[in-house]
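Q: Using full-length UniProt numbering, read the sequence shown as starting at 1 and increasing by one per residue.
I have a structure I would like to understand better, so I am pasting it below and will then ask my questions one at a time.
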Amino acid sequence: MKKVFFAVLTIFLISAVISFFSQDEIFLGIINISFLIGMGFLVIGGLMKVVESGFFNGIQYAFKRFRKSSKEGSYIAQFDDMDDTNEAYKEFNKRDTYPLTMPLLLSGGIAVAADLAVSYLFYT
1 MKKVFFAVLT IFLISAVISF FSQDEIFLGI INISFLIGMG FLVIGGLMKV VESGFFNGIQ
61 YAFKRFRKSS KEGSYIAQFD DMDDTNEAYK EFNKRDTYPL TMPLLLSGGI AVAADLAVSY
121 LFYT
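As structure tokens, this is what we get:
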């Protein structure tokens, strides 16, 4: 939770510094820049979560199986040392975990939600 709080605080401090030097209306600049930074954190965290879940491992396994489905592909696969296709549960049983996935997702989500709420309250 400390990582999430620190990341959200960093997002708003960076956006405040950037908007102080770049725009006339500082509050709107803080909202816009922190939304963009938070959305970047959210996208990076989401991509890390997709990679962590093994989605691309399943796609790679499907392509290997599809290649072996034809007669020519199975003949070529006999001579390919890199293509030892086992069953899916044997081949991709270990998944990589990244310690920054959840802090990036949470801090990006909090920053985006806070920016949407503040912009709705003050600019509608």
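Where is the CB? At the ideal position from N, CA and C, for every residue including glycine.
Given the structure is predicted, the values throughout are model-derived calculations rather than measurements.
Where Phe35 and Ser107 are concerned, what is the direct C-alpha to C-alpha distance, given to the nearest angstrom?
A: As a first step, residue 35 is located in the sequence shown; it is residue number 35 there, counting from the start. As a first step, residue 107 is located in the sequence shown; it is residue number 107 there, counting from the start. If you take the alpha carbons of Phe35 and Ser107, they lie about 11 Å apart.
Q: Locate the alpha helix (DSSP H) running through Asn48, then write down its first and last residues.
A: Position 48 of the sequence shown holds residue 48. First, the residue type needs correcting, since residue 48 is Met and not Asn in the sequence shown. 26 to 53 is the span of the alpha helix (DSSP H), which, as asked, contains Met48.
Q: Would you grab the beta carbon distance between Ile33 and Ser19 for me? Rounded to a whole angstrom, and I think it's under 8 Å.
A: Sequence index remark: in the sequence shown, residue 33 carries index 33 (1-based). Sequence index remark: in the sequence shown, residue 19 carries index 19 (1-based). Right, their Cβ atoms sit about 5 Å apart.
Q: So, for Ile26: in the same chain, excluding its five sequence neighbours on each side, which residues have a beta-carbon less than 8 Å away from its beta-carbon?
A: For the purposes of this step, residue 26 is taken as the residue at position 26 of the sequence shown. So the list reads Ala16, Ser19, Phe20, once near-sequence residues are dropped.
Q: State the DSSP-derived secondary structure class of Val4, mapped to helix, strand or coil.
A: Reading the sequence shown from its first residue, position 4 is the one you call residue 4. Val4: helix per DSSP, three-state reduction.
Q: Helix, strand or coil for Tyr98? Go by DSSP, reduced to three states.
A: Position 98 of the sequence shown, counting from 1, holds the residue named residue 98. Looking at Tyr98 - three-state DSSP - the assignment turns out to be coil, as it is neither helix nor strand.
Q: If you pair each beta-carbon of the segment 96 to 107 with each one of the segment 37 to 49, do three or more pairs fall below 8 Å?
A: Taking 8 Å as the limit for Cβ pairs, the verdict is that the segment 37 to 49 does touch the segment 96 to 107.
Q: One question on the structure: do Ile59 and Asp115 come within less than 8 Å of each other, judged by their Cβ atoms?
A: The residue you call residue 59 lines up with position 59 of the sequence shown. The residue you call residue 115 lines up with position 115 of the sequence shown. Not closer than 8 Å, so no.
Q: Go ahead and pull the three-state DSSP assignment for Ser69.
A: Along the sequence shown, read from residue 1 onward, the residue named residue 69 stands at position 69. DSSP places Ser69 in coil when its eight states are reduced to three.
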